[in-house]
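Residue numbers (our numbering): 228 to 659.
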């Protein structure tokens, strides 16, 4: 009997040990399966991240993005995002200038593998969505029909298109939300992973870069139009004078090509007699005192001509000079006109001074401002004796009304081709 009891106890212990071992094996197998599943998930995530990073790098290097070509860039972005995330509808929406409409600028449908058109949405009709868009980093929704942030779109927009889940990331420009990158999943609801959200955020940043590139391109085009369209020469140099760029007017003015000028300094174009004075002026400009000045330039053919120049110093954030900008005007015609005017005035004065007739002028009050030398022969006065006096001082009473009437006509701008007058000579006689 004791032997049988011993055998029974041993059998029971063995069974319990087997059960315990079996349980441990099952636990170990479950742990192994979990670890294997985790390893598989990690590998899949790593592959997914590598693919996403590759897509982002390819998009970032795309010339259309860097050139600000919105149409081509948005097509590339929506197509690559749809294929990468496996989303049926990926679209780029931008607010209009008045922020009254959210306009679809590009939509890609994965099942059709093509770009399509979409409607525009009045912002006033969906206040909850736009409030959430302004506040949240992204709108991440599994059920777009019940979520308070998106349910306003349910009847009009989501249901007709079969949209269930939404991942919308704001597009920002200069810190302001100006649109949205939208991922719309159709069919069953979808859980948006952290990787999905991060990828979409990175793509939205690329959209911002495209918009910035477009603004930069527009600014550059406006600058280039002003630069090349200026009737004055425009010159950009290093602080030491080395020429960086100049417009066509400047090149034509000097007879050099841009490539030739870029091998020179502005000092090379300045006659020696001007260089010391110019160096002093440039020093003042670098110190923050811009002022226009005149000097001369030497053309490629050796001819020297006068110019007027206004230079400005561009500085970096530390206040250090980085470039000199100059507006240069050829004043040859101005100088010639001035010389011609001086010569004309000289000839006119000689003619007036040598005339045997009395020539004079008065201001609008009737005071003499000029009298030629002939007055001495005709009235006996030195010109200085009459200057600053009223012309009526030399008119007899019986002639005064007639001369005042003629004077008033002249002040009104009327012409008098001929008028006779009587004036007192210095010796008291009347001269007709």
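Glycine included, each C-beta is placed from N, C-alpha and C at the ideal position.
Small disclaimer: the values here were computed from a predicted structure and weren't measured.
Continuous beta strand (DSSP E) stretch holding residue i: start and end
i: residue 190; result: An answer regarding residue 190 cannot be provided, because it is not within the stretch 228 to 659 covered by the chain.
i: residue 480; result: Run containing residue 480: none in the beta strand (DSSP E); it sits in the alpha helix (DSSP H), 475-481.
i: residue 349; result: 347-349
i: residue 574; result: Per DSSP, residue 574 belongs to no beta strand (DSSP E); it is in the alpha helix (DSSP H), 559-581.
i: residue 330; result: 328-336
i: residue 341; result: 341-343
i: residue 318; result: 316-322
Boundaries (first-last residue) of the alpha helix (DSSP H) holding residue i
i: residue 537; result: Taken as a continuous stretch (DSSP letters only), residue 537 belongs to no alpha helix (DSSP H), being part of the beta strand (DSSP E) at 531-542.
i: residue 304; result: 297-312
i: residue 605; result: 601-605
i: residue 634; result: 624-638
i: residue 433; result: 421-456
i: residue 417; result: Run containing residue 417: none; DSSP gives neither H nor E here.
i: residue 613; result: 610-613
i: residue 487; result: 485-488
Burial state of residue i, where buried means 16 or more other Cβ atoms lie within 10 Å
i: residue 474; result: buried
i: residue 595; result: buried
i: residue 503; result: exposed
i: residue 362; result: exposed
i: residue 498; result: exposed
i: residue 660; result: Residue 660 lies beyond the stretch modelled for the chain, which goes from 228 to 659, so this question has no answer here.
i: residue 443; result: exposed
i: residue 356; result: buried
i: residue 406; result: buried
i: residue 392; result: buried
i: residue 383; result: exposed
i: residue 301; result: buried
i: residue 243; result: exposed
i: residue 470; result: buried
i: residue 528; result: exposed
i: residue 575; result: exposed
i: residue 638; result: exposed
i: residue 647; result: exposed
i: residue 315; result: buried
i: residue 514; result: exposed
i: residue 545; result: exposed
Bridge partners - residue i, DSSP secondary structure assignment
i: residue 651; result: 657
i: residue 472; result: 463
i: residue 412; result: 392
i: residue 513; result: Answer by DSSP bridge pairing: none, since residue 513 is not bridged.
i: residue 553; result: 462 and 538
i: residue 366; result: 395
i: residue 294; result: In DSSP, residue 294 forms no bridge with anything.
i: residue 587; result: 598
i: residue 520; result: 536
i: residue 525; result: 531
i: residue 548; result: 542
i: residue 404; result: 399
i: residue 492; result: 469
i: residue 192; result: The shown model of the chain, from 228 to 659, leaves out residue 192, and the question about it has no answer.
Residues near residue i by beta carbon distance below 6 Å, same chain, minus five either side
i: residue 468; result: 492, 493 and 494
i: residue 586; result: 579 and 599
i: residue 285; result: none
i: residue 282; result: 307 and 311
i: residue 466; result: 548
i: residue 419; result: 367 and 394
i: residue 291; result: 299 and 300
Proximal residues to residue i (C-beta, below 8 Å), its chain only, five neighbours per side dropped
i: residue 345; result: 318, 331 and 334
i: residue 562; result: 533
i: residue 616; result: 594 and 595
i: residue 351; result: 327
i: residue 614; result: 595, 596, 597 and 598
i: residue 539; result: 512, 517, 551, 552 and 553
i: residue 496; result: 481, 524 and 525
Contacts around residue i, its chain only, beta-carbon distance under 7 Å, and the 5 residues preceding and following it disregarded
i: residue 416; result: 369, 370, 391 and 392
i: residue 609; result: 603
i: residue 329; result: 320, 322, 347, 348 and 350
i: residue 505; result: 497 and 522
i: residue 377; result: 356, 366, 368, 371 and 393
i: residue 542; result: 548 and 549
is_contact[residue i, chain D] using C-beta, thresh 8 Å
i: residue 278; result: Judged by its chain identifiers, the structure shown contains no chain D, having just a single protein chain.
Across the stretch 415-426 and the stretch 440-454, are there enough close Cβ pairs to call them in contact, namely three or more that are closer than 8 Å?
no
The stretch 533-543 contacting the stretch 552-561, beta-carbon criterion three pairs below 8 Å
yes
Evaluate contact between the stretch 307-327 and the stretch 408-417, counting only Cβ atoms and requiring at least three cross-stretch pairs below 8 Å.
Because the criterion of three Cβ pairs below 8 Å is met, the stretch 307-327 and the stretch 408-417 touch.
May I ask you to verify whether the stretch 567-584 touches the stretch 599-610, counting CB pairs closer than 8 Å and requiring at least 3?
yes
Assess contact between the stretch 293-312 and the stretch 427-439, defined as three or more Cβ pairs (one per stretch) separated by less than 8 Å. Is contact present?
yes
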